[in-house]
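First the structure, in the form of structure tokens, and then the observations on it.
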Amino acid sequence: MAPGPHPRNPLAAAHHARWFDRDAGPLVRPYTVTGGRTAAGGRRLDLIALVVSEPLALGELAGPGDFGDPPALQVGPEQARILALCRGTPLSVAELATELDLPAGVVRVLLGDLQAAGLIRVRHPVLPALLPDERILQEVVHGLHAL
Amino acid sequence: MDFTHSDHPPVPLRRSGPTGRSGPAEPTGRSGRSGPSGPDDGALALKILVAGGFGAGKTTLVGAVSEIRPLCTEERLTEAGREVDDLGGVERKTTTTVAMDFGRITIRQGLSVYLFGTPGQDRFWFVWDELARGALGAVVLADTRRLTDCFPAVDFFELRGIPFVVAVNRFAGTREYGPDEVARALDLDPGTPVVLCDARLRASGKEVLVGLVEHAGRVHAARLLADAAPVR
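The listed protein sequences derive, respectively, from chains A and B.
Mapping of the first sequence onto our numbering: residues 1 to 147, in sequence order.
Mapping of the second sequence onto our numbering: residues 1001 to 1232, in sequence order.
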């Protein structure tokens, strides 16, 4: 998809500003960070799919400011942020979307890239009908009582 | 293996999902590797929806029971949502952005319940479908002054066979209705619980969720039995 007519620098933005009314929304649209892609490859990620960084991925990245060439994927700032957030702690897609302040659909695309590159692990939610053990629901009930 | 206390885990947790098949790039096999696996392994998340008309108390309920209170957004590109834009003759695609309340309750390490408040407006139904997929169940909040507002939610969950309870949020100064009156007015299927609640109170919200999880457990158990029964 060709990039939209969204100016990349402030001067150009100011120049074009009058062409946009309020309904046009932000000048840099969220899907800009995905290169315009709106769907990730692979299986669709549920809002409660849990994401955790692969330990390997963290070793490859020297730091959040260093985007130089992990072999599989050029990690952008948003993706570096995801890797940092999910280090050791699984976070849901919904939580990541909140942390990054991006729509869940955008986060899904970013996660799809990371997953394909083997930098994250994803745990898909279990269908209630496939819950391995009814005791899990009992555990939930007890846990709720204990709140 | 996660859930070592489970005697008979019939479902491989790592790869279970809406269709039971694993995605192409899903690195499920890695779970078998040796070494410390970390707290993430075996993490299980359940989803509960909170629905109801505008102002019925969805946000309040989620906020009352959740340990976090964020908002997340979902966006959908709308093809040719607007007229052709003058700018260079390039047709703009517009997006619809929906904000959803969501909350989390950590039952224990590796077991969390996520609550999602469903958006009220009709044009956001696409989010409902997304949210409902794989949900354990739903709470339909009802305001007795505007009971018809929760008809769409009741229909939605009944049609999809998603277990739900109706929680009548008691607002000050409103007439009290009994659960059976509400059930009749909403024409609920028999067996759908109706409870009275005060969405502002954590204890009350807890009770609603407990009622839902117990109800969902019964519904799923009944379905398992029905599936197991020999077909004639």
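Here a beta-carbon is modelled for each residue, glycine too, at the ideal position from N, C-alpha and C.
Exercise for the section: Give every residue of the same chain whose Cβ lies closer than 7 Å to the Cβ of L1131 of chain B, excluding the five residues on either side of it in the sequence, and list them in chain order. Expected result: L1049, F1116 and T1118
Problem - For V1154 of chain B, the first and last residue of its enclosing alpha helix (DSSP H) - result: F1151 to R1160
Handout entry: Amino acids of chain A, ordered along the chain, whose beta-carbon sits closer than 9 Å to that of V1116 of chain B
Key = Residue identity differs from the one stated: residue 1116 of chain B is Phe in this sequence, not Val. Going along chain A in sequence order, the residues near F1116 of chain B (Cβ under 9 Å) are L47, I48 and A94.
Exercise for the section: Could you tell me how far apart the beta carbons of V1140 of chain B and F1164 of chain B are, in whole angstroms, since I believe they sit closer than 8 Å? Expected result: 6 Å
Exercise for the section: Say whether chain A places a C-beta atom closer than 9 Å to the C-beta of K1058 of chain B. Expected result: no
Practice task
Report the option in B:G1205, B:T1096 and B:I1068 whose CA atom is closest to the CA atom of S92 of chain A.
Solution key: B:I1068
Problem - Rounded Cβ spacing between A49 of chain A and H124 of chain A (contact assumed at less than 8 Å) - result: 5 Å
Handout entry: Cross-chain neighbours of F1054 of chain B in chain A, by beta carbon under 7 Å
Key = Going along chain A, no residue has its Cβ under 7 Å from F1054 of chain B, so there is no contact; the nearest lies around 22 Å.
Exercise for the section: Find out if the Cβ-Cβ distance for the pair P103 of chain A, E1158 of chain B is shorter than 9 Å. Expected result: no
Problem - Selection from B:H1220, B:R1146 and B:L1201 that minimises the alpha carbon distance to A1185 of chain B - result: B:R1146
Problem - Chain-ordered neighbours of A104 of chain A on chain B, where CB pairs are closer than 8 Å - result: C1072, T1073, E1074 and E1075
Exercise for the section: Answer with yes or no whether the minimum CB distance from V1176 of chain B to chain A is below 9 Å. Expected result: Looking at the sequence itself, residue 1176 of chain B is Glu, so the reference to Val does not match. Not an interface residue.
Practice task
Put V1233 of chain B into one of helix, strand or coil per three-state DSSP.
Solution key: Nothing can be reported for residue 1233 of chain B: it is not among the residues displayed for chain B, which extend from 1001 to 1232.
Exercise for the section: Take the Cβ of A1221 of chain B as the centre, count every other Cβ of all protein chains shown within 10 Å, and call the residue buried at 16 or more, exposed below. Expected result: exposed
Exercise for the section: Kindly indicate if chain B contains any beta-carbon less than 9 Å away from that of G143 of chain A. Expected result: yes
Handout entry: Collapsed DSSP secondary structure at G1052 of chain B in the structure displayed
Key = strand
Practice task
Taking 9 Å as the cut-off, decide whether the C-beta atoms of L1046 of chain B and L1188 of chain B are in contact.
Solution key: no
Problem - alpha helix (DSSP H) runs contained entirely in the stretch 1167-1218 of chain B, provided each spans 4 or more residues - result: 1179-1186
Problem - A1221 of chain B, DSSP secondary structure in three states - result: helix
Exercise for the section: List the residues of chain B that A97 of chain A touches, going by C-beta distances under 7 Å, in chain order. Expected result: C1072 and T1073
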